[in-house]
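Notes follow the structure.
There are 2 protein chains.
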Amino acid sequence: MSGDESGPGTARSRHTGRRPGNADTRTAILDAARARFAGAGFDKTSIRAVAADAEVDPALVHHYFGTKQQLFAAAVEFPVDPELFLRAIDAAPLDQLGVALVRGAVTVWDSPAGPGVVATVRRMLAGEPNLVRSFLLQVVLERVRTRIATDEDDGRWRVSLVATQMMGILIARKVLELEPLASMPLPAVVAAVGPTVQRYLTGDIDQSVD
Amino acid sequence: MSGDESGPGTARSRHTGRRPGNADTRTAILDAARARFAGAGFDKTSIRAVAADAEVDPALVHHYFGTKQQLFAAAVEFPVDPELFLRAIDAAPLDQLGVALVRGAVTVWDSPAGPGVVATVRRMLAGEPNLVRSFLLQVVLERVRTRIATDEDDGRWRVSLVATQMMGILIARKVLELEPLASMPLPAVVAAVGPTVQRYLTGDIDQSVD
Numbered sequence: 001m002s003g004d005e006s007g008p009g010t011a012r013s014r015h016t017g018r019r020p021g022n023a024d025t026r027t028a029i030l031d032a033a034r035a036r037f038a039g040a041g042f043d044k045t046s047i048r049a050v051a052a053d054a055e056v057d058p059a060l061v062h063h064y065f066g067t068k069q070q071l072f073a074a075a076v077e078f079p080v081d082p083e084l085f086l087r088a089i090d091a092a093p094l095d096q097l098g099v100a101l102v103r104g105a106v107t108v109w110d111s112p113a114g115p116g117v118v119a120t121v122r123r124m125l126a127g128e129p130n131l132v133r134s135f136l137l138q139v140v141l142e143r144v145r146t147r148i149a150t151d152e153d154d155g156r157w158r159v160s161l162v163a164t165q166m167m168g169i170l171i172a173r174k175v176l177e178l179e180p181l182a183s184m185p186l187p188a189v190v191a192a193v194g195p196t197v198q199r200y201l202t203g204d205i206d207q208s209v210d
Numbered sequence: 001m002s003g004d005e006s007g008p009g010t011a012r013s014r015h016t017g018r019r020p021g022n023a024d025t026r027t028a029i030l031d032a033a034r035a036r037f038a039g040a041g042f043d044k045t046s047i048r049a050v051a052a053d054a055e056v057d058p059a060l061v062h063h064y065f066g067t068k069q070q071l072f073a074a075a076v077e078f079p080v081d082p083e084l085f086l087r088a089i090d091a092a093p094l095d096q097l098g099v100a101l102v103r104g105a106v107t108v109w110d111s112p113a114g115p116g117v118v119a120t121v122r123r124m125l126a127g128e129p130n131l132v133r134s135f136l137l138q139v140v141l142e143r144v145r146t147r148i149a150t151d152e153d154d155g156r157w158r159v160s161l162v163a164t165q166m167m168g169i170l171i172a173r174k175v176l177e178l179e180p181l182a183s184m185p186l187p188a189v190v191a192a193v194g195p196t197v198q199r200y201l202t203g204d205i206d207q208s209v210d
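Top line first, the protein sequences correspond to chains L and A. Residues 1 to 210 (the UniProt record's numbering) make up the first sequence, in order. Residues 1 to 210 (the UniProt record's numbering) make up the second sequence, in order.
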């Protein structure tokens, strides 16, 4: 390895576990983050703990990677910032949330970033389901849950049902490439699956069916 | 490595092409079946072709493994005979098919055979999605499709939607172990998800929702 690829103004001298180059420091932070997120989950991992594991200052972690959520995305090599997707969810009216979730997610999966997302999810499913669970429960679904929670219903069962349907679309459309689903245009997928997700979010899900 | 761990009565003489022992013949048949099913899919794989690849008589394949479907199950190390599940599907009235599918599948996944099913699906998703696709489309979903097909609608889009929901439950409940879904008793899962699957099978799925 060439030990120093630092550009002008980016050289940093480190000691004890010396990491002279940016690339090495970044790698150390990402390794530490991946281990923490996999072991403790998203919520219980702090930037401070990751920084300590990587033997760097917490400010440097923020400087390189931004928020904890962005650090997570970088650690699992997620090719898009989940925040962009989540803002669209925040903006959708409650009675359109199902459609917004399906449209938003499938749009990302069908985009040029899609293969990277799919590869990340497949890799995590095969080797680190903890990371998928943590990301889903504590980042994505939590953000949706706060939209639907009421005094009588905290929404946890509802968002886990949403997760089944969204995860299933991802697997069937992008991993298995099941036809005709894999080639079905976005509006048809949204029309078919949006009502399912909306019912899970705000509809009657406890009624016995037989 | 110690080259010979054969116990009494298991010694086998091996040479080019000859397969004198049951275990070796079975292994050769399963290897050939796995390669054929992965390459050509379930429909286009014949017992005759598998037998030819394994250099045995087709009757021997039937003798060891039964039907093509049972050979498939053995080749992917599926721990239950899918036929048992599929017969329950055949027996359900059309307006109860959604509930029957969810109840039947989740019952198998929650059973002692469940971990084996989950391990098989995870392995195939990671390495051989062709095998999952082929099994789903040509065995399970085809059997469901013939129940719902009409002159106007061949049911292919409908059963691919069913596949998304069922696959998603499997992944979220048994691989990710997302709570509260993972601990939710079977009747609650059936009550929540049965109507989704029933709508995909026989309901209105083309109506635009916005």
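By construction, the Cβ of each residue, glycine as well, lies at the ideal position given by its N, Cα and C atoms. In this text the structure is predicted, and so the values were computed from the model without any measurement.
Whole-number beta carbon distance between residue j and residue i, since they are thought to touch under 8 Å
i: L161(A); j: L97(L); result: At roughly 20 Å, the Cβ-Cβ gap does not stay under 8 Å, so L161(A) and L97(L) are not in contact.
i: V108(A); j: G116(A); result: 10 Å between Cβ atoms; not a contact.
i: V102(L); j: V159(L); result: Between V159(L) and V102(L) the Cβ distance is about 14 Å, and since that is not below 8 Å, they are no contact.
i: residue 212(L); j: R26(L); result: One cannot answer for residue 212(L) here, as it falls past the ends of chain L, which runs 1 to 210.
i: F37(A); j: L125(A); result: F37(A) to L125(A), Cβ: 15 Å. No contact.
i: T67(L); j: I148(L); result: At roughly 24 Å, the Cβ-Cβ gap does not stay under 8 Å, so T67(L) and I148(L) are not in contact.
Chain-order list of residues whose beta-carbon lies under 8 Å from that of residue i (same chain, five-residue window excluded)
i: A28(A); result: R19, A54, E55 and V56
i: R156(L); result: R145
i: R199(L); result: G98 and I205
i: R143(L); result: L86, I89 and D90
i: A74(A); result: L30, A33 and F65
Neighbouring residues, chain L, relative to residue i (Cβ below 9 Å)
i: residue 216(A); result: Because residue 216(A) is not part of the residues shown, which for chain A are 1 to 210, the question remains open.
i: E177(A); result: P129 and R133
Residue i burial status per 10 Å Cβ neighbour count (16 or more: buried)
i: R48(L); result: exposed
i: D95(A); result: exposed
i: D4(A); result: Low confidence applies to D4(A): its pLDDT is 41, below 50, so where it sits in the model is not reliable, and the reading given next is rough at best. Its Cβ having fewer than 16 others within 10 Å, D4(A) is exposed.
i: V193(L); result: buried
i: V61(L); result: buried
i: L137(A); result: buried
i: G168(L); result: buried
i: A59(A); result: exposed
i: A23(A); result: exposed
i: S134(L); result: buried
i: L30(L); result: buried
i: L186(L); result: exposed
i: T196(L); result: buried
i: T164(L); result: buried
Cβ shell of residue i (< 6 Å), same chain only, five flanking positions each side left out
i: R173(A); result: L181 and A182
i: T45(L); result: R36 and F37
Amino acids of chain A, ordered along the chain, whose beta-carbon sits closer than 8 Å to that of residue i
i: L136(L); result: L176 and L178
i: R122(L); result: L125 and A126
Neighbouring residues, chain A, relative to residue i (Cβ below 7 Å)
i: T196(L); result: T196
Within chain L, partners of residue i - CB distance below 8 Å
i: I89(A); result: What I89(A) touches in chain L: nothing, since even the nearest Cβ is about 15 Å away.
i: I205(A); result: A191 and A192
Sequence-distant residues of the same chain with beta carbon closer than 7 Å to residue i, five excluded per side
i: A92(A); result: A100
i: V121(A); result: V132 and L170
i: F42(A); result: F72, S134, F135, Q138 and V139
i: Q69(L); result: P82, E83 and V139
i: A88(A); result: A100 and G104
Residue-chain proximity (residue i, chain C), Cβ-Cβ < 9 Å
i: R199(L); result: Structure shown: chain C not included; protein chains present are L and A.
**OP:** Mind checking the segment 158 to 174 of chain A against chain L and listing, in chain order, the residues whose C-beta falls within less than 8 Å of any C-beta there?
**Re:** S160, L161, A163, T164, Q165, M166, M167, G168, I169, I171, A172 and R173
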